[in-house]
Amino acid sequence: MKVGAKLLTGAAATALLAIVGHFTTSDGLIAKLESKAQTELTAQGMDGVKVTFARDPLSRKAILDGDVDDDTKQAALQTVMAIPGVSAAKWQGEQLAETSDGNSTDGSSSLDPATQEKIAKCQDDVNQIIEAKKINFRSGSAYVSPVSNKILDEVAGALKPCDGLTIAVGGHTDNNGDAGVNKTMSQERADRVRQGLIDRGIAKDLITATGYGSEQPLAEGSGANIDAQNRRIEFKIQANSGATAPQEG
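In our numbering, the protein residues as written are 1143 to 1391.
Written out as structure tokens, the structure reads:
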């Protein structure tokens, strides 16, 4: 085979691998989003609700189904829409419900395509980091370990191109101990992560921090594995509505 042909063949193979790799990664992210949504519904006692995301084409819009009452339908809708990365949600046969990142109730978007793509890209980049490496704190404190500080370096790096978008930092704990103490601790941890991002160059007026304590578990039950899943920091990237209230720091 001539050198030129080898180069062309190699380039074509590289391009194909890139396309396949992109598809696999995107499909994997949608699968994780679907799994997370289903886990969250089950954790909230709504195991009669099933959630799916389209695969062809890949979509961040959740479709809910199940024989439940209207109150449960609304609660399930709110639960799924609160999950970072979900762009919109609806019940089978109904209109899409509005989410905080610009999707309207009829399925159209109030955001331009470039902004939607930017939000999706930023959310994906952050999700890939925190799904592979977990931000940890010293037990009973908001102290960020050196290893977790390096993760914050990566998160901040992923957020640098996301200028103009807001970042909601959510702190969550397991259900061990006093609920009030847990909520205070989760707020302190979320605040510490927020400050860490500010220290790394992210605009402070675009970052909020909220501690949820053990109110939004990913998994129900007890044990080390369950507790580890529920102790977490989450990031939700959203469009800037102009109503974000600056926090001290």
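C-beta: ideal position from N, C-alpha, C; glycine also.
Hey, residue i and residue j: beta-carbon distance below 8 angstroms or not?
i	j	result
R1331	I1349	no
D1218	V1191	Sequence inspection shows Ala at residue 1218; the Asp mentioned does not correspond to that position. Yes, Cβ-Cβ distance for A1218 and V1191 is below 8 angstroms.
I1261	V1297	no
I1375	I1309	no
A1321	G1299	no
R1334	A1370	no
V1311	A1351	yes
Q1234	I1205	yes
Exposed or buried, which one is residue i when buried takes at least 16 other CB atoms within 10 Å?
i	result
Q1380	buried
A1170	It should be pointed out that residue 1170 corresponds to Gly in this sequence rather than to Ala. G1170 should be labelled exposed.
H1164	Because the pLDDT at H1164 is just 39, under 50, the model does not fix this residue reliably, and the point stays unresolved.
G1319	exposed
L1281	The sequence as given places Ser at residue 1281; Leu does not occur at that position. Its Cβ having fewer than 16 others within 10 Å, S1281 is exposed.
N1269	buried
K1292	exposed
S1290	buried
In whole angstroms, what separates the C-alpha of residue i from that of residue j?
i	j	result
S1242	D1305	Bear in mind that the predicted position of S1242 carries a pLDDT of just 48, short of 50, making it unreliable; the figure below should be weighed with that in mind. The straight-line gap from Cα to Cα measures roughly 17 angstroms.
D1207	G1227	20 angstroms
F1279	Q1216	34 angstroms
I1368	Q1186	15 angstroms
L1294	L1301	10 angstroms
D1313	K1325	Here residue 1313 is Gly; the residue named in the question, Asp, does not match the sequence. C-alpha separation (whole angstroms): 9 angstroms.
G1338	A1274	19 angstroms
D1457	A1231	Residue 1457 lies beyond the stretch modelled for the chain, which goes from 1143 to 1391, so this question has no answer here.
D1254	A1196	22 angstroms
T1221	L1183	7 angstroms
K1378	T1194	20 angstroms
T1166	A1173	For T1166, the pLDDT reaches just 39, beneath the cut-off of 50, and the residue's location in the model is therefore unreliable, although a value from the coordinates is still provided. T1166 and A1173: Cα-Cα distance of roughly 10 angstroms.
Q1358	K1203	21 angstroms
G1353	R1373	11 angstroms
V1286	D1211	43 angstroms
T1315	N1382	28 angstroms
Q1329	V1323	10 angstroms
A1307	G1365	The sequence shown places Leu at residue 1307, rather than the Ala named in the question. One C-alpha to the other measures close to 37 angstroms.
L1175	Q1237	21 angstroms
K1263	L1360	24 angstroms
D1267	D1189	30 angstroms
N1317	M1327	12 angstroms
I1340	E1362	33 angstroms
Is the shortest distance between the beta-carbon of residue i and the beta-carbons of chain B less than 8 angstroms?
i	result
E1236	As a matter of chain content, chain B is missing from the structure shown, which is built from one protein chain.
State the beta-bridge partners of residue i as determined by DSSP.
i	result
V1311	A1351 and F1377
L1206	V1193 and W1233
Should residue i be counted as a contact of the ligand SAH given a C-beta to heavy atom distance under 7 angstroms?
i	result
K1292	Inclusion of the ligand SAH in the displayed structure is not the case, the ligand content being empty and no account of it being possible.
(message) My parser needs the alpha helix (DSSP H) runs of 4 or more residues fully inside the region 1280-1306; what are they?
(response) Runs found: 1288-1301.
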